[in-house]
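Peer 1:
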Amino acid sequence: MTSRIKEIFQTGQPDQSVTVQGWVRTKRELKEFTFLEVNDGSSLANLQVILEPTLPDYENVLKTISTGTAIAVSGNLVPSPGKGQNIELKAAEITLYGDCPPDYPLQKKRHSFEFLRTIAHLRARTNTLGAVMRVRNACATAIHSFFQEKGFIWVHTPIITANDCEGAGELFTVTSLDLKKPANFAEDFFGKRAYLTVSGQLQAEVMAMALSNVYTFGPTFRAENSNTSRHLAEFWMVEPEMAFCDLEGDQDLAEAFLKYIFKFVLENCPEDLQFFNERIDKTVLSTAENIVNSEFGRITYSEAIELLEKADRQFEFPVEWGVDLQSEHERYLAEELFKKPVIVTNYPKTIKAFYMRLDDNNKTVSAMDILAPKIGEIIGGSQREERLDVLIQRMQEQGMNPDDLWWYLDLRRYGSVPHAGFGLGFERLVQFMTGMTNIRDVIPFPRTPLSADF
Ligand code: ATP
Ligand code: MN
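If you read the sequence shown in my numbering, its first letter stands for residue 1496, the second for the next number, and so on.
(1) Do residue 1522 and residue 1582 have their C-beta atoms closer together than 8 angstroms?
(2) Just how far apart, CA to CA, sit residue 1865 and residue 1872?
(3) Beta carbon of residue 1922: closer than 7 angstroms to some heavy atom of ligand 1?
(4) Output the boundary residues of the beta strand (DSSP E) element that contains residue 1730.
(5) Residue range of the alpha helix (DSSP H) that residue 1518 falls in?
(6) What separation, rounded to the nearest whole angstrom, lies between the Cα atoms of residue 1645 and residue 1868?
(7) Closer than 7 angstroms to a non-hydrogen atom of ligand 1 - does that hold for the CB of residue 1732?
(8) Can you check which of these residues, 1875, 1676, 1878 and 1904, is closest to residue 1888 by C-alpha distance?
(9) Locate the beta strand (DSSP E) running through residue 1793, then write down its first and last residues.
(10) My output table needs one value for residue 1765: the three-state DSSP class, helix, strand or coil.
(11) Sorry if obvious, but does the Cβ on residue 1717 come closer than 7 angstroms to a heavy atom of ligand 1?
(12) Would the beta-carbon of residue 1716 fall within 8 angstroms of that of residue 1733?
(13) According to DSSP, what are the bridge partners of residue 1715?
(14) Quick check: the region 1741-1750 against the region 1673-1687, are at least 3 beta-carbon pairs closer than 8 angstroms?
(15) On the DSSP bridge list, what partners appear for residue 1497?
(16) What residues in its chain sit with their C-beta under 6 angstroms from that of residue 1759, if we drop five residues either side in the sequence?
(17) So residue 1908 packs on residue 1881, CB below 8 angstroms; how close in whole Å?
(18) Less than 7 angstroms between the CB of residue 1872 and some heavy atom of ligand 1, yes or no?
(19) Would you say residue 1693 and residue 1925 are within 8 angstroms of each other, going by their C-beta atoms?
(20) For residue 1789, which residues in the same chain have their Cβ closer than 7 angstroms to its Cβ, ignoring the five residues on either side in sequence?
(21) With a threshold of 7 angstroms, establish whether the CB of residue 1638 neighbours any heavy atom of ligand 1.
(22) Exposed or buried, which one is residue 1852 when buried takes at least 16 other CB atoms within 10 Å?
(23) For residue 1854, I'd like the list of residues in its chain whose CB is within less than 7 angstroms of its CB, leaving aside the five on either flank, ordered along the chain.
(24) Restricting to Cα atoms, I'd like to know which of 1931, 1927 and 1657 is closest to residue 1919.
(25) Quick one: what's residue 1816 bridged to in DSSP?
(26) For a test of the three-state rule: what should DSSP assign to residue 1529, helix, strand or coil?
(27) Is residue 1878 helix, strand or coil when you go by DSSP?
(28) Thinking residue 1630 and residue 1764 are a contact (beta carbons under 8 angstroms), I'd like their distance in whole angstroms, please.
(29) Exposed or buried, which one is residue 1877 when buried takes at least 16 other CB atoms within 10 Å?
(30) Going by Cα to Cα distance, which pick from 1870, 1547 and 1844 is closest to residue 1858?
(31) Could you work out which residue in 1657, 1496, 1556 and 1943 is closest to residue 1722 when comparing CA atoms only?
(32) Within the chosen definition, does the region 1561-1572 reach the region 1506-1513 through at least 3 CB pairs nearer than 8 angstroms?
(33) I need the boundaries of the alpha helix (DSSP H) containing residue 1933, first residue and last residue.
(34) Would you call the CB atoms of residue 1837 and residue 1863 closer than 8 angstroms?
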């Protein structure tokens, strides 16, 4: 039976006979024997394999094995005298799956993340990208188990949509028209112009108005030409929506949600997080522990503006009541002032989406953003406007035609209830968790302006 390397580190005993399969990271030839470091992606640590000259066909086996070679090794586990791992594998038999010529791009030296993006088909074999993918998996698992434990229903919202009115960045058009001719979308596949979704929220609201508590977790798309370290053209979003819930309940859920995910990853990926803490950002572990153990700050937008006005520094973008918070402001609040995540609520209605509930003062809406150290906005949410007349008026104020969203308005006509939800950018979460500075390095195949390879 074959074992994964992670399993061997966890439960392997001396003298146990095992077979492992993986890729050779390094080969070290000494006089009496040869050491291989083998990795199968299940763990950060490599399994050390010892080849002795008594191995059948030793000389030839040695010649065919190099960095990148795919092999299976059978043999007995032995206690490891070296530091680091407690156990290693003494090879009795080696099977070669695929050899690996010397032009293999992942030779032993350290490569820049920029270079690794040009070989995204191979980069998951590096320590960092392998650890990112395992942490990403743990985050996704934590998200599902959090909501499932709380009885939320996972709903699948569409990727193709004909709503262009959400206003969240630029849209990609989906078409089957012959692009050599002038576009007439009435003749297009759906009989009108269609797009890749920027968010599943409106449809999640529909489902919440029947199932009470739901969440959607899937890919979303924005053709924003902002070449930043925090924006992708294709990214995953988690969007819970709760009926019978107000802004406070929304903040409570979001805070419990982030705490759960960090705790889960701390418990399930300790080595990977330790690695990020040592190699990428020395605050990864303290930040994660801080999230799990601290109570998030909660302030209104108006309070945030006051704090920013009092700040002993010049911001590139000046602050006054009514402006949107820029990344520098968000980071100042979370990183320097609070030193932990802060939830900012009740933003001016002019800078927020039409569906957010209008506050009694007629100036602000029941929005909430969670600002995190290093990342800035990680979650954006709100209590939704459940009053039909107010919603219609807000749409008109923003130059939208209410008829375009007749089905969304119907929810306010037929058994409307207070409800709230939020959106979490999944890659921003993984960035936050790992300390990776560029969002392109926390998704297997990044899509960004001028780049959709692999
Ligand atoms: P930002 O101001 O950072 O562009 P936004 O206001 O456009 O964010 P929302 O429309 O509120 O973001 O989207 C919900 C969440 O999705 C954000 O809080 C963020 O975590 C994430 N997000 C938004 N745009 C992107 C993107 N292009 N790539 C990756 N994640 C994104
Ligand atoms: Mn944006």
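Here a beta-carbon is modelled for each residue, glycine too, at the ideal position from N, C-alpha and C.
Peer 2: Let me lay it out:
(1) no
(2) 6 angstroms
(3) yes
(4) 1729-1738
(5) Note, residue 1518: premise wrong, no alpha helix (DSSP H); beta strand (DSSP E) at 1512-1524.
(6) 28 angstroms
(7) yes
(8) 1904
(9) 1792-1795
(10) helix
(11) yes
(12) no
(13) 1730
(14) no
(15) 1514
(16) 1637
(17) In fact, because the Cβ distance is near 11 angstroms, the residues do not count as touching under 8 angstroms.
(18) yes
(19) no
(20) 1835
(21) no
(22) buried
(23) 1841, 1860 and 1861
(24) 1927
(25) Bridge partners of residue 1816: none, in fact.
(26) strand
(27) strand
(28) 5 angstroms
(29) buried
(30) 1844
(31) 1943
(32) yes
(33) Note, residue 1933: premise wrong, no alpha helix (DSSP H); not H, not E.
(34) no
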